[in-house]
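Structure record follows, encoded as structure tokens.
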Amino acid sequence: MFKSKISRQYSLWLVAIFSVMGISYLALSLALSSHYLKQVQIKINADVAQTLIQDNELVKQGKLNEPAIEDTFHRYMLLNPNLEIYLVDLSGNLLKYSANADKIKRNHIDIQPLQRFLKHPSEGLILGDDPRSFDGKSLFSVAYLPNAEHPEAYLYVVIQPHIAEEVDRRLQESILLKLSGWSFLTSLLLGLGLGGALFYFLNRRIALLSEKVKRFEQAPQHVIPPPEKLNDELDELALATSDMSVQLHDQLEHIQQADQQRRFMISSLSHDLRTPLTNLLGYMEQAKVDNSMDYLDTAFQNGLKLKNYLDRLFEYAKLDSNLIQLNAQYQSLSEFCETLLEQYQTLSPNADWWIDIHAGIEIAFDRELMESAIRNLLDNAMKYGDGWVSFGLYRLDDDITIRVCSAGNELHQVNRLLESKLAVGNAANHPAQNHTGFGLAIVRFIAEKHAGSLVYEHETNKNCFEIRLSKAS
């Protein structure tokens with residue numbers, strides 16, 4: 007349960023929080039209880055002085071009863087020394103007291119607390135001077151003698167502090183303190199139990215998600231499965247993590263495929279370029295010996311072929327590195343294809359052309375890139391198509407299809423056709439022809455940049471390539 011760092015950290019925080027809450031609760035309970043009992047003492051002792059006057063007949067016929075006062079002071083000094091009685095004049099001087107003279111530290115007290123007590127008996131906690139101390143304060147009760155109409159002195163009754171201390175001691179031993187302590191322990195244990203269980207299940211879900219991420223890091227071919235339900239933010243985090251793993255998996259596959267394709271093309275590049283380069287050098291050397299224009303013409307044709315390979319290689323490199331940005335504009339694809347096919351028919355009048363272009367087809371496309379794609383397909387078809395080429399532009403369901411066909415046997419490695427060096431036509435019929443797949447790779451890239459695809463189909467003695475574009479693109 008406490009193996010993970012987050013569990014230990016949050017458990018310690020939970021203990022600290024409940025401990026602070028419990029200690030605060032105990033301190034507040036004790037403070038409130040002590041304050042409450044002091045208020046009770048004030049209410050109970052507020053009339054002590056007046057009760058002493060009435061019970062002991064300290065006033066008789068409106069005058070001070072000196073014998074009764076002497077007797078009362080003497081009796082309380084012997085029987086209840088914790089309750090000190092003082093006779094104080096109106097200036098605050100002590101006249102008589104129920105205590106030993108050696109215990110009295112001062113003979114004058116401040117009468118302002120006495121006057122406040124008499125004017126506002128319900129004010130609350132008021133402390134008066136304690137004659138047994140030089141600067142001590144104590145709870146007290148006071149009354150006028152003989153009466154409030156004709157005051158001659160104060161009956162000043164001091165309740166000693168150790169009485170309140172005894173009450174606090176008893177409070178600490180009381181049921182309230184025990185109840186507070188048990189409540190604190192119960193709340194702490196219950197809170198720790200429930201909080202620990204909550205942290206356990208929360209941390210368990212986080213640990214499971216962390217384990218899935220680590221497994222994906224070690225084996226990125228296995229994506230992180232999404233949660234079955236979205237109940238809270240952790241499930242949303244798990245879903246986002248799953249989506250991220252799918253994206254990373256797709257990107258990794260794309261990088262691996264691109265890397266494999268690049269390796270294959272680089273390995274085949276030497277063979278594709280070596281043949282025209284060797285022919286070029288051979289014919290130039292022979293022309294130098296024989297001084298023949300035929301050899302120079304053949305060397306020139308091989309130079310053009312080599313230039314064509316290099317041009318396609320550079321174009322493929324630009325598309326693969328995303329250096330070419332799509333400049334798509336909404337325009338007529340039908341008119342664009344008609345213009346392009348007219349140029350091809352003019353340059354190749356002897357070829358057998360089959361053209362079917364549907365009118366009124368409009369879509370957003372990049373003229374320069376689309377021309378490069380169609381020219382690559384037409385060049386391959388004319389080169390390896392046994393003299394006839396079929397070109398079609400039409401709508402099919404929600405797609406717009408550009409279809410280029412030429413004669414040839416079926417190309418069995420269809421999946422590698424768009425990535426390897428195979429080209430349109432029958433290689434067996436042209437054993438001397440060395441050709442590269444850069445053209446088809448370029449067409450595929452251009453189709454994908456237009457949110458489309460390049461598809462290969464074989465019919466009877468006929469190979470067809472289709473650029474399928476969505477009208478929504």
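So in the working numbering, the last one in the sequence shown is 479, and the numbering has no gaps at all. A virtual CB, placed ideally from N, CA and C, is assigned to each residue, including glycine.
Less than 8 Å between the CB atoms is what I'm expecting for residue 205 and residue 17, so what's the real figure, rounded?
Within the sequence shown, the letter at position 199 stands for residue 205. Within the sequence shown, the letter at position 11 stands for residue 17. Contact flag correct, Cβ pair sits at about 6 Å.
Per DSSP, cross-strand counterpart(s) of residue 119
Here residue 119 refers to the residue found at position 113 of the sequence shown. Bridge partners of residue 119: none, in fact.
Quick one: residues in its chain with C-beta nearer than 6 Å to the C-beta of residue 472, no 5 flanking neighbours on either side, listed in chain order?
Numbered from its first residue, the sequence shown carries residue 472 at position 466. Hits under 6 Å: 407, 409 and 461.
Please list the segments of the alpha helix (DSSP H) lying wholly inside the stretch 312-370, counting only runs of 4 or more residues, in order along the chain.
339-353
DSSP on residue 149, reduced to helix/strand/coil?
Counting from 1 along the sequence shown, the entry for residue 149 is found at position 143. Reduced to three states, the DSSP call for residue 149 is strand.
Would DSSP call residue 435 helix, strand or coil?
Here residue 435 is taken as the residue at index 429 of the sequence shown, counted from 1. Summary for residue 435: the model assigns pLDDT 40, below 50, so the residue's position carries little reliability, and this model does not support an answer.
Would DSSP call residue 309 helix, strand or coil?
In the sequence shown, the residue the question calls residue 309 occupies position 303. Three-state result, residue 309: helix.
Buried versus exposed call for residue 220 [16 or more other C-beta atoms within 10 Å across all chains shown]
Here the question's residue 220 lines up with position 214 in the sequence shown. Residue 220 comes out exposed.
Using beta-carbon positions only, say whether residue 381 and residue 342 come within less than 9 Å of one another.
Counted from its first residue, the sequence shown places residue 381 at position 375. Counted from its first residue, the sequence shown places residue 342 at position 336. No; because the gap between Cβ atoms is not below 9 Å, this pair is not in contact.
Just mark residue 90 as buried or exposed, buried being the case when its beta carbon has 16 or more other beta carbons within 10 Å.
By one-based count along the sequence shown, residue 90 stands at place 84. Answer is buried; the Cβ neighbour count reaches 16.
What would DSSP say about residue 57, mapped onto helix, strand or coil?
Here residue 57 corresponds to residue number 51 of the sequence shown, with the count starting at 1. Residue 57 falls in the helix class under three-state DSSP.
Cβ distance (whole Å) where residue 148 is taken to contact residue 133 below 8 Å:
As a working note, residue 148 is residue 142 in the sequence shown. As a working note, residue 133 is residue 127 in the sequence shown. No, residue 148 and residue 133 are not in contact; Cβ-Cβ is about 12 Å, not under 8 Å.
Element boundaries [beta strand (DSSP E), containing residue 236]:
On the sequence shown, position 230 is the one that residue 236 refers to. Unbroken run through residue 236: none, as it is neither H nor E.
Span separating the alpha-carbon of residue 59 from that of residue 131:
Numbered from its first residue, the sequence shown carries residue 59 at position 53. Numbered from its first residue, the sequence shown carries residue 131 at position 125. Looking at the backbone, the Cα of residue 59 and that of residue 131 are separated by about 23 Å.
Do residue 333 and residue 2 count as a contact pair if the criterion is CB distance below 9 Å?
Residue coverage of the chain in this structure runs from 7 to 479, which leaves residue 2 outside it and unanswerable.
With three or more C-beta pairs closer than 8 Å as the rule, is the stretch 225-234 touching the stretch 248-262?
yes
Apply the 10 Å Cβ neighbour rule to residue 458 and answer buried if 16 or more other Cβ atoms are within range, or exposed otherwise.
Translated into positions along the sequence shown, residue 458 becomes position 452. That one is buried.
May I ask you to report which of helix, strand or coil DSSP gives residue 21?
Within the sequence shown, residue 21 is the residue found at index 15, counting from 1. Helix, per DSSP.
Coarse secondary structure for residue 284, derived from DSSP in three states
As a first step, residue 284 is located in the sequence shown; it is residue number 278 there, counting from the start. DSSP places residue 284 in helix when its eight states are reduced to three.
Could you tell me the distance, in whole angstroms, from the CA atom of residue 358 to the CA atom of residue 225?
As a position in the sequence shown, residue 358 is number 352, starting the count at 1. As a position in the sequence shown, residue 225 is number 219, starting the count at 1. Taking the straight line from one Cα to the other gives about 54 Å.
Compute the beta-carbon to beta-carbon distance between residue 453 and residue 387, rounded to the nearest angstrom, for a pair I have assumed lies under 8 Å.
Within the sequence shown, numbered from 1, the residue matching residue 453 stands at position 447. Within the sequence shown, numbered from 1, the residue matching residue 387 stands at position 381. Not a contact, Cβ separation roughly 16 Å.
Spatial distance of residue 145 from residue 55 (CA atoms):
Numbered from 1 along the sequence shown, position 139 holds the residue referred to as residue 145. Numbered from 1 along the sequence shown, position 49 holds the residue referred to as residue 55. Using only the alpha carbons, I get a separation of about 12 Å.
Please classify residue 371 as buried or exposed, where buried requires at least 16 other C-beta atoms within 10 Å of its C-beta.
Reading the sequence shown from its first residue, position 365 is the one you call residue 371. Buried, since its Cβ has 16 or more Cβ neighbours within 10 Å.
What did DSSP end up calling residue 132 once you bin it into helix, strand or coil?
By one-based count along the sequence shown, residue 132 stands at place 126. DSSP places residue 132 in coil when its eight states are reduced to three.
If distances are taken between C-alpha atoms only, which option among 476, 137 and 416 comes closest to residue 466?
As a working note, residue 466 is residue 460 in the sequence shown. That would be 416, whose Cα lies nearest to the Cα of residue 466.
Within 10 angstroms of its Cβ, does residue 450 collect 16 or more other Cβ (buried), or is it exposed?
Start at 1 with the first residue of the sequence shown, and residue 450 comes out as number 444. It is buried - the Cβ of residue 450 has at least 16 other Cβ atoms within 10 Å.
Would you kindly report the start and end of the unbroken beta strand (DSSP E) that includes residue 110?
In the sequence shown, counting from the first residue as 1, residue 110 sits at position 104. Here residue 110 belongs to no beta strand (DSSP E), and DSSP marks it neither H nor E.
Taking Cβ to Cβ, would you say residue 154 is nearer than 9 Å to residue 124?
Within the sequence shown, residue 154 is the residue found at index 148, counting from 1. Within the sequence shown, residue 124 is the residue found at index 118, counting from 1. Yes, they are a contact pair.
Under 9 Å, do residue 111 and residue 137 count as touching if we go by C-beta distance?
Here residue 111 corresponds to residue number 105 of the sequence shown, with the count starting at 1. Here residue 137 corresponds to residue number 131 of the sequence shown, with the count starting at 1. Going by C-beta atoms, residue 111 is nearer than 9 Å to residue 137.
Quick check: what's the CA-CA separation for residue 100 versus residue 119?
Residue 100 sits at position 94 when you count from the first residue of the sequence shown. Residue 119 sits at position 113 when you count from the first residue of the sequence shown. Cα to Cα, the separation comes out at about 15 Å.
Tell me whether residue 445 is buried or exposed, calling it buried when 16 or more other Cβ atoms sit within 10 Å of its Cβ.
For the purposes of this step, residue 445 is identified with residue 439 of the sequence shown, where counting begins at 1. Classification of residue 445: buried, given that the 10 Å Cβ count is 16 or more.
Alpha carbon to alpha carbon, how far is residue 305 from residue 287? Give it in angstroms, no decimals.
One-based indexing of the sequence shown puts residue 287 at position 281. One-based indexing of the sequence shown puts residue 305 at position 299. Roughly 7 Å between the two C-alpha positions.
So, helix, strand or coil for residue 114, using DSSP?
The residue given as residue 114 occupies position 108 in the sequence shown. Strand, per DSSP.
How long is the line joining the alpha carbons of residue 428 and residue 447, rounded to whole angstroms?
Along the sequence shown, read from residue 1 onward, the residue named residue 428 stands at position 422. Along the sequence shown, read from residue 1 onward, the residue named residue 447 stands at position 441. Here the model assigns residue 428 a pLDDT of 41, short of 50, so the residue's position is not dependable, and the following value carries that caveat. Spanning the two alpha carbons is a distance of roughly 10 Å.
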